[in-house]
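Trainee:
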Amino acid sequence: DFELSGAQSTYFNDPKWPSMWYMHCSDNTHPCQSDMNIEGAWKRGYTGRDVVVTILDDGIERTHPDLVKNYDSQASFDVNGNDFDPMPRYDASNENKHGTRCAGEVAAAANNSHCTVGIAFNAKIGGVRMLDGDVTDMVEAKSVGFNPQYVAIYSASWGPDDDGKTVDGPAPLTRQAFETGVRLGRRGLGSVFVWASGNGGRSKDHCSCDGYTNSIYTISISSTAESGKKPWYLEECSSTLATTYSSGESYDKKIITTDLRQRCTDNHTGTSASAPMAAGIIALALEANPFLTWRDVQHVIVRTSRAGHLSANDWKINAAGFKVSHLYGFGLMDAEAMVMEAEKWTTVPQQHVCVESTDRQIKTIRPSSAVRSIYKASGCSDNPNHHVNYLEHVVVRITITHPRRGDLAIYLTSPSGTRSQLLANRLFDHSMEGFKNWEFMTIHCWGEKAAGEWMLEVFDTPSQLRNFKTPGKLKEWSLVLYGTSIPPYSPTNDFPRVERVRSSRVEDPTEDYVTDDYSGPCDPECSKVGCDGPGPDHCNDCLHYYYKMKNNTRICVSSCPPGHYHADKKRCRKCAPNCESCIGSHTNQCLSCKYGYFLNEETSSCATTCPDGFYQDMNKNLCRKCSENCRTCTDSQNCTECKHGLSLHGSRCTVTCEDGKYYSGKDCEPCHRFCATCSGAGADTCITCSEGYFMEDGKCVQTCSNSYYFDHSLESGYKSCKRCAATCLACSGPGDRNCTSCPSNYLLDTGACILGAICKDATEESWAEGSFCMLVKKNNLCQRKVLQQLCCKTCTYQG
Amino acid sequence: PVCRTRVYTNHWAVKIAGGFQEANRIANKYGFINIGQIGALKDYYHFYHSRTIKRSVLSSRGTHSFISMEPKVEWIQQQVVKKRIKR
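Chains A and B, in that order, are what the protein sequence lines are.
In this text, residue positions in the first sequence follow the numbering used here: the first is 2, and each later residue adds one.
In this text, residue positions in the second sequence follow the numbering used here: the first is -5, and each later residue adds one.
1. Between which two residues does the beta strand (DSSP E) holding ASN28 (chain B) run?
2. So, is the C-beta of LEU185 (chain A) closer than 9 Å to a C-beta in chain B?
3. Quick check on this structure: which residue in A:THR657, A:VAL481, A:LEU647 and A:GLN703 has the alpha carbon closest to the alpha carbon of ARG674 (chain A)?
4. Give, in chain order, every residue of the region 24 to 53 of chain B whose Cβ lies closer than 8 Å to some Cβ of chain A.
5. For GLU180 (chain A), is the classification buried or exposed, using 16 other Cβ atoms within 10 angstroms of its Cβ as the cut-off for buried?
6. LEU413 (chain A): which of A:ALA124, A:GLU659, A:TRP478 and A:ASN38 sits nearest, CA to CA?
7. Looking at C-beta atoms only, is the number of pairs between the region 68 to 76 of chain A and the region 121 to 138 of chain A that lie closer than 8 Å three or more?
8. Comparing C-alpha positions only, which one of B:THR(-1), B:VAL8, B:ARG49 and B:THR3 sits nearest to ILE70 (chain B)?
9. Roughly how many angstroms separate the alpha carbons of VAL395 (chain A) and ASN438 (chain A), rounded to a whole number?
10. Going along the chain, which residues of the region 5 to 19 of chain B sit with their C-beta nearer than 8 Å to a C-beta in chain A?
11. Whose CA, out of A:HIS388, A:VAL340 and A:PHE331, lies closest to the CA of CYS1 (chain A)?
12. With DSSP as the reference, please indicate the residues paired to SER50 (chain B) in a beta bridge.
13. CYS669 (chain A): buried (16+ other C-beta within 10 angstroms of its C-beta) or exposed?
14. State yes or no: is the C-beta of SER628 (chain A) within less than 9 Å of the C-beta of CYS654 (chain A)?
15. Evaluate contact between the region 197 to 205 of chain A and the region 138 to 152 of chain A, counting only Cβ atoms and requiring at least three cross-stretch pairs below 8 Å.
16. Can you check the region 95 to 147 of chain A for any beta strand (DSSP E) of at least 3 residues that lies completely inside it and give the ranges in chain order?
17. Beta-carbon separation of LEU428 (chain A) and LYS205 (chain A) under 9 Å?
18. If you measure from the beta carbon of VAL74 (chain B) to each beta carbon in chain A, is any gap under 9 Å?
19. Helix, strand or coil: how does DSSP classify ILE61 (chain B) here?
20. Where does the unbroken beta strand (DSSP E) through GLN72 (chain B) begin, and where does it stop?
21. Using a Cβ cut-off of 9 Å, pull out every chain B residue sitting near PHE147 (chain A), in sequence order please.
22. For GLY271 (chain A), return the contacting residues in chain B, with the cut-off set at a CB-CB distance below 9 Å.
23. Are the beta-carbon atoms belonging to THR225 (chain A) and SER239 (chain A) less than 9 Å from one another?
24. Compare the beta carbon distance of GLY536 (chain A) and THR305 (chain A) with 9 Å and say whether it is the shorter of the two.
25. Could you give the residue range of the alpha helix (DSSP H) that holds PRO1 (chain A)?
26. So with CB distances below 7 Å, who are the chain A contacts of THR3 (chain B)?
27. Count the other C-beta atoms from every protein chain shown that fall within 10 angstroms of the C-beta of TRP18 (chain A), then say buried if there are 16 or more, exposed otherwise.
28. Once you ignore the five residues that flank ALA371 (chain A) on each side, which residues in its own chain have a CB closer than 7 Å to its CB?
29. Kindly provide the ranges of any beta strand (DSSP E) runs that are 3 or more residues long and lie completely inside the region 342 to 373 of chain A, ordered along the chain.
30. CA-CA distance, SER582 (chain A) and LEU544 (chain A)?
31. With DSSP as the reference, label CYS238 (chain A) as helix, strand or coil.
32. So, is the C-beta of ASN81 (chain A) closer than 9 Å to a C-beta in chain B?
33. List the residues of chain A whose Cβ lies closer than 7 Å to the Cβ of LYS66 (chain B), in chain order.
34. Please say whether HIS40 (chain B) and SER54 (chain B) have beta carbons closer to each other than 9 Å?
35. Answer with buried or exposed for TYR1 (chain A), where buried requires no fewer than 16 other C-beta atoms within 10 angstroms of its C-beta.
36. Please list the terminal residues of the continuous alpha helix (DSSP H) segment that includes ALA42 (chain A).
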């Protein structure tokens, strides 16, 4: 593993590293305009170690030199083929390169002299092959719900068509898989889903029409070009949470990553380049604090992303002090700020969901006008289990009928006056389906108060001639408010919200959490004794187990985290450094090993290499025993070296016998008398022949058989009988000019066998021998090959 | 208006209470193969029927459809192909 430290600028020997502008400043004479502070996070010691990321896409080239080190088979599956190998299907157009490209951005190995460097270059990377076949609700549900206790981050860079006329989202199974993932995944901390926001800039698409990126469970990531300008493909959207770099115009610098067939590319572009970058940055934050919940991750992003030099004409500061835009969400992600925030993060209070159903009065939407509906929300203040005071996501569930869906634009204004556009006009959307209970989402009100007047506005702007006799109708809408009843941030989480200054890397002095009068809910892992704050580190006593962090903080957990074992008195103690699970802290008490180490089942210890007599089982991270006679082997059947006194025959080790004998399985037995050396009892098992015998087709003979000739050449170390050319019946040497006799219907002519049919025909022709052929001979025309063949008998006849 | 045709596959998602054995029993009874649980979704199973059309614009109607009348089948859905685009 490659470690970074100190204030020096980073250098890797990977050939593309100098061109990876989005990871480091190439020009040290001037400060960077703005970057994602990846190096800053690395220098704090975070490289994604022990964080598992999987790419939901068309497969992953697990043999790629930049991916093989970090590839994790437990984070990988082939949903299309229903097996465990997610290798992409190769075709001439390299159609299935996408997943491999995304994977490299997250976890390409560093300093291996090959291609590129991943943002989390020590993270484990897997791939779920699910786009190379029929995609169904079930395929998607299997993918987003794959191994949720093992995989921490799922990165998806796909979705419904961005053609500007599609409205589609997760069907019931996938919705449920998302919900189950955030509720139960990662041992209850929640799976983290990263999603590429839409690519439909040129088709005037709007990412609110993509129910995946628009979901509260996904972290929707958009892109900015190096210049900070909007790339041509980018969609605007109120559900976009944050931004990373991607390729832009032809003159902008490009994103470099791994490519199919063990290559690298600088052609990766679109929001597909951005989402895995975000996944990599989140992996760094999860290494800094593995106990961040799925909501903590979103909160940390909201608080650390910054507008920087990103240009948009709609940047605004909401009532909670967060700067936000429809193009970039809360702005460019900042890896160093995220790991710093993660290190000291206190879990946000429990999420409340408040559904506010507005009046169901149907309102007609007149062409070229707007419908406004105002609803006074209480934030469910009368219900403590649903009370939302501080907002996170806001969802508006709408049913609208309309003769042309693309003519609609929808806005929502919060009680604090933050106006976000839930839907823009879509030039190509001619659908008459309207929206049926479609959920629009905005993050623009994050941190604001929920109670007060919310205003929904629906605009109808006819883009072409339409039948105005059937106007659109706003049938119903409801507000789903997500958030907390108490302030989400403890004082330890507090720092200036608007626009972090890049150079201010000094941590704020952390304060103790002052909670003498805390009366809020306790973490579910606290026992009945109570707590002095909302997190699992505020319990007065734990329900199940606890472990201590470096700063001596005690964290309550339902089961011990990886690398720990259940010790006495509810305490999780650390395993030996190389163990992933164990029964004690000694090096010989491991049950499984960390990635890169192999468990020796005999000694219960973990090592990077297996001793002699064992081989590495890469799938199970085990050192398994070779078969009895092997000194080293590649698997249980294939010896590569033998124990003393044995010799390797193929892949098996057997007893070595002296010349003239072979090993029969019990003892060394003499070879057949024709053989000098042999592999068995018969004359046909000779390896070399005895004196006076010659090798002929694998057996030793005294004289060469018919159709064989004696070869003096010693070409293979000994004299042998070789088969005559196919045209000869017998021969005296190689080739078709050494025949000594011919098959029937062939005539021997100066060592060659010639088909005799022409000659026979000539003798049977009406031209008698005495007429035509005699003339040929008399005139010395037999030298001519054609006539010689035609009159062969006459020409060869003496006299 | 765009006319979108649904394409039905010969795969089903089924919710069955009673565990894997019960799901297998019901699958066998109606000629399905139980491929296994759907991801982490408890009681949801992936059923496959090799004797129905692999892709069809009509939903499948045969004796196997009576599976929905089994008391332990809480929910069943023939899977439909979705268009998904890499970004």
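Ideal Cβ positions, reconstructed from N, Cα and C, are used throughout, including at glycine.
Please read all numbers here as calculations on a predicted model, not as lab measurements.
Mentor: If we stick to the structure as given:
1. Translated into the one-based positions of the second sequence, residue 28 (chain B) becomes position 34. Element bounds for ASN28 (chain B): 27 to 31.
2. For the purposes of this step, residue 185 (chain A) is taken as residue 184 along the first sequence, with counting starting at 1. Answer yes: the Cβ-Cβ gap between LEU185 (chain A) and chain B drops below 9 Å somewhere.
3. Numbered from its first residue, the first sequence carries residue 674 (chain A) at position 673. Nearest of A:THR657, A:VAL481, A:LEU647 and A:GLN703 to ARG674 (chain A), Cα basis: A:GLN703.
4. ILE29, ILE32, GLY33, ALA34, LEU35, TYR38, HIS40 and ARG49
5. Walking along the first sequence from the start, residue 180 (chain A) turns up at place 179. When all chains shown are included, GLU180 (chain A) counts as exposed.
6. Taking the first residue of the first sequence as position 1, residue 413 (chain A) is located at position 412. Comparing Cα-Cα distances from LEU413 (chain A) to each of A:ALA124, A:GLU659, A:TRP478 and A:ASN38, the minimum goes to A:TRP478.
7. yes
8. For the purposes of this step, residue 70 (chain B) is taken as residue 76 along the second sequence, with counting starting at 1. Considering only alpha carbons, the answer is B:VAL8.
9. By one-based count along the first sequence, residue 395 (chain A) stands at place 394. By one-based count along the first sequence, residue 438 (chain A) stands at place 437. Near 15 Å, if we compare the C-alpha coordinates of ASN438 (chain A) and VAL395 (chain A).
10. HIS5 and ALA7
11. The first residue shown for chain A is 2 and the last is 800, placing residue 1 (chain A) beyond what the model contains.
12. The sequence position of residue 50 (chain B) within the second sequence is 56, counting from 1. Bridge partners of SER50 (chain B): B:TYR2.
13. Translated into the one-based positions of the first sequence, residue 669 (chain A) becomes position 668. Counting Cβ neighbours within 10 Å, CYS669 (chain A) comes out exposed, since fewer than 16 surround it.
14. The sequence position of residue 628 (chain A) within the first sequence is 627, counting from 1. The sequence position of residue 654 (chain A) within the first sequence is 653, counting from 1. In this structure, CYS654 (chain A) lies closer than 9 Å to SER628 (chain A) by Cβ.
15. no
16. 125 to 130
17. Here residue 428 (chain A) corresponds to residue number 427 of the first sequence, with the count starting at 1. Here residue 205 (chain A) corresponds to residue number 204 of the first sequence, with the count starting at 1. Their beta carbons are under 9 Å apart, which means LEU428 (chain A) touches LYS205 (chain A) by this criterion.
18. Here the question's residue 74 (chain B) lines up with position 80 in the second sequence. Closer than 9 Å to some Cβ of chain A, the Cβ of VAL74 (chain B) qualifies, so yes.
19. Locating residue 61 (chain B) in the second sequence gives position 67, counting from the first residue. It is helical.
20. Working through the second sequence from its first residue, we reach residue 72 (chain B) at position 78. Looking at the DSSP string, the run of the beta strand (DSSP E) that includes GLN72 (chain B) is 67 to 74.
21. The residue you call residue 147 (chain A) lines up with position 146 of the first sequence. Near PHE147 (chain A) (Cβ distances below 9 Å), the residues of chain B are GLY33 and ALA34.
22. The count along the first sequence starts at 1 and reaches residue 271 (chain A) at position 270. Chain B residues near GLY271 (chain A): LYS80 and ARG81.
23. One-based indexing of the first sequence puts residue 225 (chain A) at position 224. One-based indexing of the first sequence puts residue 239 (chain A) at position 238. It is not a contact, given that the beta carbons lie outside the stated cut-off.
24. Translated into the one-based positions of the first sequence, residue 536 (chain A) becomes position 535. Translated into the one-based positions of the first sequence, residue 305 (chain A) becomes position 304. Contact flag unset, no.
25. Outside the shown range of chain A, which is 2 to 800, sits residue 1 (chain A), and nothing can be said about it.
26. Counted from its first residue, the second sequence places residue 3 (chain B) at position 9. Correct list: ASP135 and THR137.
27. Position 17 of the first sequence, counted from the first residue, corresponds to residue 18 (chain A). TRP18 (chain A) comes out buried.
28. As a working note, residue 371 (chain A) is residue 370 in the first sequence. GLU458, VAL459 and PHE460.
29. 353 to 358 and 364 to 366
30. As a first step, residue 582 (chain A) is located in the first sequence; it is residue number 581 there, counting from the start. As a first step, residue 544 (chain A) is located in the first sequence; it is residue number 543 there, counting from the start. SER582 (chain A) and LEU544 (chain A): Cα-Cα distance of roughly 22 Å.
31. Indexing the first sequence from 1 puts residue 238 (chain A) at position 237. In this structure, CYS238 (chain A) counts as coil in the three-state DSSP scheme.
32. For the purposes of this step, residue 81 (chain A) is taken as the residue at position 80 of the first sequence. By this cut-off, ASN81 (chain A) is not an interface position.
33. Stepping through the second sequence from its first residue, residue 66 (chain B) is reached at position 72. The contacting residues do not exist; LYS66 (chain B) stays about 19 Å from chain A at best.
34. On the second sequence, residue 54 (chain B) is found 60 positions in, with the first residue counted as 1. On the second sequence, residue 40 (chain B) is found 46 positions in, with the first residue counted as 1. Not closer than 9 Å, so no.
35. Outside the shown range of chain A, which is 2 to 800, sits residue 1 (chain A), and nothing can be said about it.
36. Stepping through the first sequence from its first residue, residue 42 (chain A) is reached at position 41. 39 to 44 is the extent of the alpha helix (DSSP H) around ALA42 (chain A).
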